[in-house]
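Right, one structure below, let's go through it.
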Amino acid sequence: MTDRPRESVWDYPRPPRLEPTSSRLRVVFAGETVADTLRGFRLLETSHPPVYYIPPDDVRLDLLEAAPGPRSFCEFKGRATYWTIRVGNAVAERAAWSYPEPAAPYYPIADCLAFYPDLVDACYVGDEKAMPQDGSFYGGWISSAIEGPFKGGPGTWGW
Numbered sequence: 001m002t003d004r005p006r007e008s009v010w011d012y013p014r015p016p017r018l019e020p021t022s023s024r025l026r027v028v029f030a031g032e033t034v035a036d037t038l039r040g041f042r043l044l045e046t047s048h049p050p051v052y053y054i055p056p057d058d059v060r061l062d063l064l065e066a067a068p069g070p071r072s073f074c075e076f077k078g079r080a081t082y083w084t085i086r087v088g089n090a091v092a093e094r095a096a097w098s099y100p101e102p103a104a105p106y107y108p109i110a111d112c113l114a115f116y117p118d119l120v121d122a123c124y125v126g127d128e129k130a131m132p133q134d135g136s137f138y139g140g141w142i143s144s145a146i147e148g149p150f151k152g153g154p155g156t157w158g159w
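Residue 1 is where the sequence shown starts when you use the UniProt record's numbering, and the numbers rise one by one after that.
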């Protein structure tokens, strides 16, 4: 449990709010630290746990390759590019995404990377391992500081 006050995702705004976070963010896959930053951002949107974005300077870009396949479009941030993580023989297909040209007011996350916690070994907010948001589309990180219910699971798409 964290010493921070708990936040309800139902208090988050729509459209989403982008804000810097002072929390240390880490992503681990196949025994390698893929990302580690104290300069991340979190995107807060009604009914969703935070999505964390990590500056490319704090990501092991040598472990990432552009992922083939469709790109998605967010009505707020624009068109996303997807990334596959490769560490030796271990591969996490489309485990990260970025917005090369995000719409305003999301310019600060241009080229920053977000990671799906369910496709890597671990994502950490501070020293706490985050849990993945349900559903294969969303990439929120659930920590003990966040309260739901969360969009993403069965029956929640219409929220």
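For glycine and all other residues, C-beta sits at the position ideal for the given N, C-alpha and C.
Backbone CA spacing between residue i and residue j [nearest angstrom]
| i | j | result |
| --- | --- | --- |
| F29 | W141 | 16 angstroms |
| T33 | A122 | 9 angstroms |
| T84 | E75 | 24 angstroms |
| N89 | G31 | 12 angstroms |
| R6 | A114 | 23 angstroms |
| G155 | F137 | 14 angstroms |
| Y82 | G152 | 20 angstroms |
| V87 | R79 | 27 angstroms |
| P13 | L38 | 24 angstroms |
| A95 | D57 | 18 angstroms |
| P117 | A104 | 26 angstroms |
Buried versus exposed call for residue i [16 or more other C-beta atoms within 10 Å across all chains shown]
| i | result |
| --- | --- |
| I107 | One detail in the question is off: residue 107 reads as Tyr in this sequence, not Ile. Result: exposed. |
| G40 | buried |
| S23 | buried |
| G139 | buried |
| D11 | exposed |
| R26 | buried |
| S144 | exposed |
| P149 | exposed |
| S72 | exposed |
Three-state secondary structure assigned by DSSP to residue i
| i | result |
| --- | --- |
| Y106 | coil |
| P56 | helix |
| V28 | strand |
| D11 | helix |
| D36 | strand |
| P50 | coil |
| P132 | strand |
Unbroken beta strand (DSSP E) run spanning residue i, endpoints
| i | result |
| --- | --- |
| Y124 | 122–125 |
| A95 | 90–98 |
| T21 | Looking at the DSSP string, T21 is not in any beta strand (DSSP E), and its letter there is neither H nor E. |
| F41 | 41–44 |
Next on the checklist: Measuring CB atoms only, is the segment 43–56 touching the segment 12–26, in the sense that at least three cross pairs come out at less than 8 angstroms?
Outcome noted: yes
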